[in-house]
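Heads up, the thing below is written out as structure tokens.
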Amino acid sequence: MPSTGMARRVQISVLRCIPKRLRWGAAQLIADTDTAALRKVVQAAIDGGRIGVPKFLRCLARTRDRHQLASSLDELVALAEAWFGSRPRQRYRLGEEGGAYLTELIKWPEGQGALLTVSLAASDGPPALDLMLVGSRGTLYHDEPHSA
Amino acid sequence: MTDYGVLLVGCKRSHQESHAAVFAAQPRCRLVAVAAEAGDPEGRVHQYQQLADELNLPFIPDLDEALARDDVHIVSSTPAVERRGAVAVRCLEAGKHVYLDKPLAGSVEDADAIVAASRRAVGRAQMFTQNEAGWVKAARRAVQEGRVGEIKAVHAETLFSKGRAGSVPDATVRREKESVERWTFVEAKREMFDVAVYSLGFIHAVTGLKAESVFAHTGNYFFAEHVGVDVEDFGALAMKLEGGVTATAIGGRFGWMSHPKSGPQRLVVMGTAGTMTFDGFHPRIEVYNDEPDFATPLLDPLDPMGMWGASNPRFEPPPKRRWVGPYEERSTMAADVAAFIDCIERGREPQVNAEVAASLLEVLLAGYISAARNEEIALPLPRDRA
Numbered sequence: 000m001p002s003t004g005m006a007r008r009v010q011i012s013v014l015r016c017i018p019k020r021l022r023w024g025a026a027q028l029i030a031d032t033d034t035a036a037l038r039k040v041v042q043a044a045i046d047g048g049r050i051g052v053p054k055f056l057r058c059l060a061r062t063r064d065r066h067q068l069a070s071s072l073d074e075l076v077a078l079a080e081a082w083f084g085s086r087p088r089q090r091y092r093l094g095e096e097g098g099a100y101l102t103e104l105i106k107w108p109e110g111q112g113a114l115l116t117v118s119l120a121a122s123d124g125p126p127a128l129d130l131m132l133v134g135s136r137g138t139l140y141h142d143e144p145h146s147a
Numbered sequence: 000m001t002d003y004g005v006l007l008v009g010c011k012r013s014h015q016e017s018h019a020a021v022f023a024a025q026p027r028c029r030l031v032a033v034a035a036e037a038g039d040p041e042g043r044v045h046q047y048q049q050l051a052d053e054l055n056l057p058f059i060p061d062l063d064e065a066l067a068r069d070d071v072h073i074v075s076s077t078p079a080v081e082r083r084g085a086v087a088v089r090c091l092e093a094g095k096h097v098y099l100d101k102p103l104a105g106s107v108e109d110a111d112a113i114v115a116a117s118r119r120a121v122g123r124a125q126m127f128t129q130n131e132a133g134w135v136k137a138a139r140r141a142v143q144e145g146r147v148g149e150i151k152a153v154h155a156e157t158l159f160s161k162g163r164a165g166s167v168p169d170a171t172v173r174r175e176k177e178s179v180e181r182w183t184f185v186e187a188k189r190e191m192f193d194v195a196v197y198s199l200g201f202i203h204a205v206t207g208l209k210a211e212s213v214f215a216h217t218g219n220y221f222f223a224e225h226v227g228v229d230v231e232d233f234g235a236l237a238m239k240l241e242g243g244v245t246a247t248a249i250g251g252r253f254g255w256m257s258h259p260k261s262g263p264q265r266l267v268v269m270g271t272a273g274t275m276t277f278d279g280f281h282p283r284i285e286v287y288n289d290e291p292d293f294a295t296p297l298l299d300p301l302d303p304m305g306m307w308g309a310s311n312p313r314f315e316p317p318p319k320r321r322w323v324g325p326y327e328e329r330s331t332m333a334a335d336v337a338a339f340i341d342c343i344e345r346g347r348e349p350q351v352n353a354e355v356a357a358s359l360l361e362v363l364l365a366g367y368i369s370a371a372r373n374e375e376i377a378l379p380l381p382r383d384r385a
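Structure (structure tokens):
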């Protein structure tokens with residue numbers, strides 16, 4: 000449903016006040032994407048064996064708020080944990096909260112990996128969530144609007 | 000000069016098949032011969048002979064003899080990774096221009112030797128990348144025009160949708176090794192090495208910066224063939240570049256059916272004015288109709304990963320026709336070769352010269368060390384490593 004950028008930003012900031020463990024199932028947004036719905040549909044694809052065993056998640060999210068980089072990145076890590084079914088063993092971070100971006104290259108004990116980035120959208124550009132979940136025999140994409 | 004004689008140092012089942020086709024179609028060039036190192040250190044002289052026969056060219060089984068010819072001006076050099084250092088140095092020392100297969104070599108020692116030879120040489124050296132693709136040039140223009148503000152970070156990815164994925168044994172967890180003893184196999188290649196080098200090239204195209212440290216991860220996610228020879232089929236790198244800029248890169252091979260075309264190619268540039276994304280398959284049209292969908296091609300026993308041309312027409316993969324890019328008939332390698340010849344004619348240094356190519360190789364080699372140790376590795380690598 001179309002909504003204004005201001006309304007979306009308010010929704011995100013309200014969600015940040017809610018403990019993460021209570022948020023699943025509610026409407027959650029990263030870069031204007033309803034991650035609860037996304038998590039569910041991706042999980043269904045995984046459970047249906049459509050990509051084989053999930054192996055690597057690459058996620059590039061764009062937000063308008065430089066102070067939501069870390070919280071958005073945490074949400075992406077939570078998605079990866081859910082789809083891989085375990086917690087990571089090593090996280091390597093580049094960038095800083097309040098800057099232009101935050102990136103983590105993450106390793107799991109069972110060999111999976113993730114490369115997750117949240118960066119600032121251009122002032123006239125849309126927030127976006129560009130996701131590629133690579134499985135042992137197939138790959139799942141959630142594409143973003145392109146700037147070029 | 001508009002007629003450059005090109006010597007092919009490479010064989011069947013190597014990238015020389017595509018290099019030769021591009022040089023043959025280049026109006027300023029003509030193919031002269033195929034040559035191999037004397038003594039056949041690669042053990043596949045018959046494949047050199049085979050390529051010469053197919054191209055109706057003379058085969059010279061002694062590289063030095065071929066390099067002594069006055070009608071050879073350019074060498075297209077695609078020997079096995081293990082021989083790239085020795086071959087490139089001899090070609091440069093013979094005064095030839097050298098178009099190099101990627102990655103540059105298999106060790107920092109070989110790369111250093113090529114860089115040193117290129118500094119002494121009268122000829123130019125350029126390594127093949129995909130940096131001449133229109134979408135990469137668009138990214139470079141956007142950065143130069145300041146459209147992302149001050150550049151802070153770059154992400155680049157290249158994955159090849161080839162090979163029959165899904166054969167990797169359950170519960171395979173890759174244990175990376177710090178040093179690589181062998182690069183060349185029939186059934187598989189080191190995919191971070193061979194494919195992520197394109198992503199690193201994209202990063203260099205838009206930043207022009209060298210890496211100061213690397214943190215990397217490798218995986219065996221898709222193919223039993225790669226597990227069988229203990230090489231990775233996927234890799235990811237995170238780098239700190241000069242000037243406080245950072246970059247991430249992905250490279251790998253993930254199966255015929257994992258992408259509507261040849262595989263993702265993407266460059267994301269993050270700056271103080273926002274983020275811009277550039278994609279090798281955007282813009283495009285998409286065509287859905289009653290034509291049959293792409294299906295996994297028959298397994299080519301001589302090339303199970305689809306690395307080279309099919310060994311028999313019945314193994315030729317059908318085209319993927321759902322996505323159609325407006326410029327996909329343009330060959331990136333043809334543009335890269337044309338740019339190389341422009342550099343020769345205008346006395347200009349190629350953008351991906353031996354020094355830049357060596358810096359990309361060093362990132363990859365440091366990536367293996369990082370993935371083995373699970374720690375960040377500083378660059379440059381120490382030169383006294385075995």
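Chains as they are written, first to last, in numbering that gives the first Met the number 0: chain A, 0 to 147; chain B, 0 to 385. Ideal placement from N, C-alpha and C gives every residue a C-beta, glycine not left out. All values derive from a computational prediction rather than experimental measurement.
Problem set entry | Through-space distance from R163/B to F314/B, alpha-carbon basis | 13 Å
Problem set entry | Environment of D341/B [buried if 16+ CB atoms lie within 10 Å] | exposed
Exercise. In this structure, does DSSP put P312/B in helix, strand or coil?
Worked result: helix
Exercise. Taking buried to mean at least 16 other C-beta atoms within 10 Å of its own C-beta, is V74/B buried or exposed?
Worked result: buried
For this session: Count the CB pairs spanning the segment 25–34 of chain B and the segment 86–94 of chain B that are closer than 8 Å, and state whether there are at least three.
Result: no
Exercise. When the Cα atoms are used, what is the spatial distance from K188/B to Y367/B?
Worked result: 14 Å
Exercise. Is there at least one Cβ from chain A nearer than 7 Å to N373/B's Cβ?
Worked result: yes
Exercise. Counting contacts by CB-CB distance shorter than 7 Å, is L93/A in contact with chain B?
Worked result: yes
Problem set entry | Against chain A: residues of the segment 165–182 of chain B by CB proximity under 8 Å | G165, V167, D169, A170, T171, V172, R173
Exercise. Since F214/B sits in a beta bridge, which residues does DSSP pair it with?
Worked result: A237/B
Exercise. Which residue spans inside the segment 118–147 of chain B form an unbroken beta strand (DSSP E) run of at least 3?
Worked result: 124–126
Problem set entry | Spatial neighbours of Q111/A in its chain, beta-carbon cut-off 6 Å, leaving aside the 5 residues before and after | K54, F83
For this session: Please go through the segment 164–237 of chain B and give each complete alpha helix (DSSP H) segment of 4 or more residues, from N-terminal end onward.
Result: 190–206, 223–227
Problem set entry | For C10/B, the three-state DSSP class (helix, strand or coil) | coil
Exercise. What's the gap between the Cα of R7/A and the Cα of P126/A?
Worked result: Confidence is the limiting factor: at R7/A the pLDDT is only 32, short of 50, which leaves the residue's position unreliable, though a coordinate-based value still follows. Cα-Cα distance, rounded: 10 Å.
Problem set entry | Spatial neighbours of P402/B in its chain, beta-carbon cut-off 6 Å, leaving aside the 5 residues before and after | The structure shown does not extend to residue 402/B, since chain B is modelled only from 0 to 385, so the question has no answer here.
For this session: Using a Cβ cut-off of 8 Å, pull out every chain B residue sitting near S135/A, in sequence order please.
Result: A164, G165, V167, Y220, F221
Exercise. Checking contacts by CB at 7 Å: is G84/A closer than that to chain D?
Worked result: Looking at the structure shown, chain D is missing, and the protein chains on hand are A and B.
For this session: Would you give the residue range spanned by the alpha helix (DSSP H) that G366/B belongs to?
Result: 353–372
Exercise. Shorter than 7 Å from the beta carbon of H203/B to some beta carbon of chain A?
Worked result: no
Problem set entry | Option nearest G305/B by Cα separation, candidates V323/B, T245/B, G254/B | G254/B
For this session: Let me know if D70/B comes out buried or exposed under the rule of 16 or more other beta-carbons within 10 Å of its beta-carbon.
Result: exposed
For this session: In the DSSP assignment, find the beta strand (DSSP E) that holds D341/B and state where it starts and stops.
Result: Where D341/B is concerned, there is no enclosing beta strand (DSSP E), although the alpha helix (DSSP H) it sits in stretches over 331–345.
Exercise. Among the residues of its own chain, which have a CB less than 6 Å from the CB of P316/B, if the five just before and after it don't count?
Worked result: P296
For this session: Give me the Cα-Cα distance between C58/A and V76/A, rounded to the nearest whole angstrom.
Result: 10 Å
For this session: Report yes if the CB atom of A152/B is closer than 7 Å to the CB atom of M269/B, and no otherwise.
Result: yes
Exercise. When we look at the beta-carbon of V336/B and count the other beta-carbons within 10 Å, is it buried (16 or more) or exposed?
Worked result: buried
Exercise. Among A43/A, E109/A, D46/A, which one has its Cα closest to the Cα of Q89/A?
Worked result: E109/A
Exercise. Roughly how far, in whole angstroms, is the beta-carbon of Q125/B from the beta-carbon of Y98/B, given that I think they are within contact range, below 8 Å?
Worked result: 6 Å
Exercise. For A353/B versus V114/B, is the C-beta distance shorter than 7 Å?
Worked result: yes
For this session: Between the Cα of F201/B and those of I150/B, F221/B, R181/B, V135/B, spot the shortest distance and give me the residue it belongs to.
Result: V135/B
Exercise. Where DSSP assigns a beta bridge to P53/A, which residues make up the other side?
Worked result: G134/A
For this session: Whole angstroms is fine: what's the gap from G262/B's alpha carbon to L158/B's?
Result: 5 Å
Exercise. What residues in the segment 25–58 of chain A have a beta carbon less than 9 Å from any beta carbon of chain B?
Worked result: I50, G51, V52, K54, F55, R57
Problem set entry | Residues from the segment 109–134 of chain A in contact with chain B, defined by Cβ distance under 9 Å | E109, G110, Q111, G112, A113, L114, T116, S118, L119, A120, A121, S122, D123, G124, A127, D129, M131, V133, G134
Exercise. Smallest Cα separation from V362/B: which of I284/B, G227/B, S106/B, V267/B?
Worked result: S106/B
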